[in-house]
Amino acid sequence: MKSEPSDVSIDDVAGASLRQTCWYGVRNYQARNFMRDVMRAGDLVFFYHSSCAEPGIAGIVEIISAAYPDPTQFDPKSRYYDPKATVENPRWFSVDVKLVRKTRLMSLKELRTYSELSDMRLLARGNRLSISPVEPGEWRFIEKKLDSTMAAA
DNA sequence: GCCAACGTTGGC
DNA sequence: GCCAACGTTGGC
128 MKSEPSDVSI
138 DDVAGASLRQ
148 TCWYGVRNYQ
158 ARNFMRDVMR
168 AGDLVFFYHS
178 SCAEPGIAGI
188 VEIISAAYPD
198 PTQFDPKSRY
208 YDPKATVENP
218 RWFSVDVKLV
228 RKTRLMSLKE
238 LRTYSELSDM
248 RLLARGNRLS
258 ISPVEPGEWR
268 FIEKKLDSTM
278 AAA
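Each residue of the first sequence is one higher than the one before, starting from 128 at the first, in this note's numbering.
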């Protein structure tokens, strides 16, 4: 799951009182469908920092709730307000996530160096989805790299 | 700030 | 249902 750290970073989650946060603001149908139809409580997620100086994986979070209507779609003051959404017929969904652990930053640049990840959806050409599935083999590979390689600084 | 690659909108 | 115009994402 991608988040702009200037909005919500892994440190924001780590610093939150319950070390958890609502994942709001998804406004893409494919990403919504992954969240609503595929994610389940207990699933683990790579927390990816996007649109920043060093984009990449910055931590691991766990899904702790089923998808529920994203409250920001009903809030006229929110940048995520959707006038076509109603409480009876919500368009957009959120999940709650909690911190599992911060990791070293595994940059996009580094991710692209691993042939084992050449088919990863996140790395696909032109991919803009803020939420994309990670194959079990990809997950294991990245987790191993995160554990075995120390950050340069 | 640029721009490629998408996704969405709306006229027809 | 097509598709041009427009808007957004996100790396660089």
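Every residue gets a Cβ at the ideal spot worked out from N, C-alpha and C, and that includes glycine.
In the three-state reduction of the DSSP assignment, residue 258 falls in the coil class, being assigned neither a helical nor a strand state. Ranked by how close their Cα comes to the Cα of residue 156, the residues 266, 256, 173 and 275 have 256 in first place. The DSSP-derived three-state label of residue 231 is strand.
Here the region 203–214 makes no contact with the region 135–147; the two share fewer than three CB pairs at distances below 8 Å. The beta carbons of residue 191 and residue 229 sit no closer together than 8 Å.
For residue 153, the CB contacts under 8 Å within the same chain, skipping 5 residues up- and downstream, are 159, 162, 197, 219, 220, 221, 257 and 258 in chain order. Nearest to residue 235 by alpha-carbon distance, out of 275, 180, 142 and 216, is 180. Between the C-alpha atoms of residue 164 and residue 275 there is a straight-line separation of about 33 Å. In the three-state scheme derived from DSSP, where H, G and I count as helix and E and B as strand, residue 138 is classed as helix. Scanning its chain for C-beta atoms nearer than 8 Å, with the 5 sequence neighbours on each side dropped, one finds around residue 208 the residues 199, 200, 201 and 202, in chain order.
As DSSP reads the structure, residue 171 sits in a beta bridge with 189. Pairing residue 233 with residue 272 gives a Cβ-Cβ distance under 8 Å.
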